[in-house]
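Everything below concerns the one structure shown next.
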Amino acid sequence: MRCPSVHQPIIIVGANLVGLSAALCLSQHGVPTIVLEKHAGISKHPRAIGFTSRTIEIYRWLGVADQIPEVPKDFRLMRARVESMTGKWFESTSWSDTGGANMKSNQEVPAPKKQYSPSRGAALPQDQLEAILQAAAIERGVDIRRQHRVTDVTQNQNGVTVTVVGSQDKEIQIEGSYLIAADGNRSTVRELLQIPRNGRGHMQTMRSVLFRAPLEQYMQGVHQFNIDQPDLKAFMTTYSDGRWVLMFHDDTERDEPTLRSAINQAIGRSDLPVEIVTTGRWDLAALVADTFQSGRVFLAGDAAHALPPNRGGYGANTGVHDVDNLAWKLAAVLSGKSSPELLDTYDAERRPVALLRHDQIFARADYKVHLDKATPAGKKLDDDAMEFGQLYLSEGFIGVDQSLPRALKPDEWAGQPGTHVPHFWVTQGGQSVSILDVVGEDSWTLVSESEEWEDVVAQVNLGSSVTLKHICIGRDVQFADEGSFQEALGVSATGASLLRPDGYIAWRTTELPTNPTRCLNDVLARVTFRLNSYQN
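Here the sequence shown stands for residues -23 to -1, 1 to 513, numbered as in mature numbering (1 follows the signal peptide of the UniProt record, and there is no 0).
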């Protein structure tokens, strides 16, 4: 049975972490969406648990970060290789894979690193985070339709049509201007569009069991355990809510008594109450789509890049960063402020990030064993560089080229166009806040230390479809961090940096140009992909 069609500007396939984040990002930009999900509810499997500082920065902008508990200030995620949790411990290392303190050698805890973010990241199970995002999306009017299975996708120069089968086996046509495919590693949309993937590929199929057990007293400050016994090689970790998962490095189906025996073996005792919640079977694979865009359809999250769980937290976090990049661009094109060519920058910016993260996974200790003998491990890049300092290369930036490194720490970039504006503290209204919260993610912003730019911005706004705001350091806010504003962004007292709505630096000038109004207008027209309407 076929029902009448439904139309929304943006169709999102997948009501998971990435799909819900996309809906919230678009809602923040005033764009209505419809979210289609084949499952009846949020998965019982917690899946990801580590959400990075950059991800929490995005959730700050979306207004949900206050519901997401950050990790304690002095928290260090540790991983231990053990015979069993209550048995012999061999060694413990830091999650960061940078040669952290060995718990058996009583080394000093390293001095605190430079703070690159106002957020500390979160260790919240994905199912709990998805519940927070879903509630916020519904409250903000997002149309979420569960038990809607996509069977076909077609598109033309005017829009996209998705055919879905609903819970009553009714066939429905959903029409939209654009579509975001956030439907996971086995993406139906990607397969319908026949977009190939490449990468290290399938490594192994794994089994897991999710269970509840009172194990907190045996943790010794460690959250992840590599179980190393002659007849049991497994990985066990906690979701910090009483739930644990034991992952087996094989594709062997185990009945409940066998699972209980393995859990007891990993714990090292059999007299504790254990409740089995559910089991899982999943593929460990590393694959990146050959393109993240096909006409009016965009791939995001695991649909675009299947990245195996790793200490850098590249999987789920990379997907959230995808839709943060894409949402403002879709909003700008739908509103007529930018031409559709702006959307081409999504693949140009996000796909290289996924490829670099794919390669970095195999440069780290956990996955070197999965490399082919003929494939040498690449150079391992610093975790802070990978999290805060990856470079975008696209036509949406002025002052970037292929000769630049793919990632550096923010202070090493010092305001390089193509990188995210670095966090630094300022005072506003007598309170200390991050510059990230001042510039926000809802408009284009010019940041400078010179009030001369105020009139320049006002003149440009008179003839531009894109409204630019000006933040003057020293007038609107006071620089309150180490060093100086000029050092942080690599400009002089009269220079300025132009920030996109997602906080990336599109352009900078070290000092005030000869004709600043014409210069800024030309720059803005170029990086926003609009027609230049300024007349001198």
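For every residue, glycine included, the Cβ atom is placed at its ideal position computed from N, Cα and C. All values reported here derive from a predicted model rather than from experimental measurement.
In this structure, VAL504 is the residue among LYS91, ALA470, VAL504 and GLU389 with its C-alpha nearest to the C-alpha of LEU445. Within the stretch 360 to 409, the complete alpha helix (DSSP H) runs of at least 4 residues fall at 360 to 365 and 387 to 390. Closest option to ASP359, judged by alpha-carbon separation, among ILE338, VAL377 and TYR369: ILE338. Counting C-beta pairs closer than 8 Å gives fewer than three between the stretch 287 to 302 and the stretch 312 to 321, which falls short of the contact rule. Ranked by how close their Cα comes to the Cα of MET180, the residues THR404, ALA283 and GLY18 have ALA283 in first place. In this structure, DSSP gives GLY(-5) a helical state, which the three-state scheme calls helix.
Measuring C-alpha to C-alpha distances from VAL297 to each of VAL330, ARG117, GLY451 and THR235 identifies VAL330 as the nearest. When the alpha-carbon of ALA263 is set against those of GLY(-5), ASN175, THR214 and THR255, the nearest one is in ASN175. Contact between THR471 and GLU488 holds: their C-beta atoms lie close to 5 Å from each other, under 8 Å. The shortest C-alpha to C-alpha distance from SER20 to any of PRO399, VAL59 and VAL254 is the one to VAL254. Of all C-beta pairs linking the stretch 410 to 427 to the stretch 477 to 497, three or more are shorter than 8 Å, placing the two stretches in contact. Between the C-alpha atoms of PHE506 and PRO478 there is a straight-line separation of about 14 Å. When the alpha-carbon of PHE188 is set against those of THR491, TYR195 and VAL251, the nearest one is in VAL251. In this structure, the alpha-carbon of PRO285 lies about 14 Å from that of ARG184. Boundaries of the alpha helix (DSSP H) around ASP414: 412 to 416.
Annotated as distal: TYR155 and ARG328, with beta-carbon spacing of 8 Å or more.
Nearest Cα to ILE375 within the set SER461, GLN393 and PRO387: GLN393.
Residue pairing by DSSP places SER69 opposite ALA57 in a beta bridge.
Proximity of the stretch 19 to 33 to the stretch 131 to 143 falls short of the contact definition, fewer than three beta-carbon pairs being nearer than 8 Å. Between VAL410 and ALA280, the CB-CB gap reaches or exceeds 8 Å. With contacts defined by Cβ atoms closer than 8 Å, MET62 and ILE240 do not form a contacting pair.
Residue pairing by DSSP puts SER271 in a beta bridge opposite VAL274. Shown here, ALA266 sits in a strand according to DSSP, grouped into three states. Counted as a single uninterrupted DSSP element, the stretch harbouring LEU284 is not any beta strand (DSSP E), since DSSP gives it neither H nor E.
Between the beta-carbon of ASP218 and that of VAL59 there is about 22 Å, and that puts the pair past the 8 Å contact cut. In this structure, LYS357 lies away from ARG383, with their beta-carbon atoms at least 8 Å apart. Looking only at TYR36, ALA293, LYS210 and ARG334, the smallest Cα-Cα distance to ASP414 is reached by TYR36.
Shortest Cα-Cα distance from ILE109 to any of GLN379, ALA(-9), ARG334 and GLY292 involves ALA(-9).
Around the Cβ of LEU439, a 10 Å sphere holds fewer than 16 other Cβ atoms; the residue is exposed. Taken through DSSP and simplified to helix, strand or coil, THR29 comes out as coil. Between VAL199 and MET213, the CB-CB gap reaches or exceeds 8 Å.
Going by DSSP, GLU233 is part of the alpha helix (DSSP H) stretching over 233 to 244. Looking at the DSSP output, ALA211 bridges to ILE204 and PHE225. Looking at the backbone, the Cα of SER(-3) and that of ALA457 are separated by about 32 Å. Comparing alpha carbon positions, the residue from ARG24, GLU116 and GLU426 closest to PRO102 is ARG24.
Cβ neighbours of PRO191 within its own chain (closer than 8 Å, five residues either side excluded): GLY219, LEU249 and PRO250.
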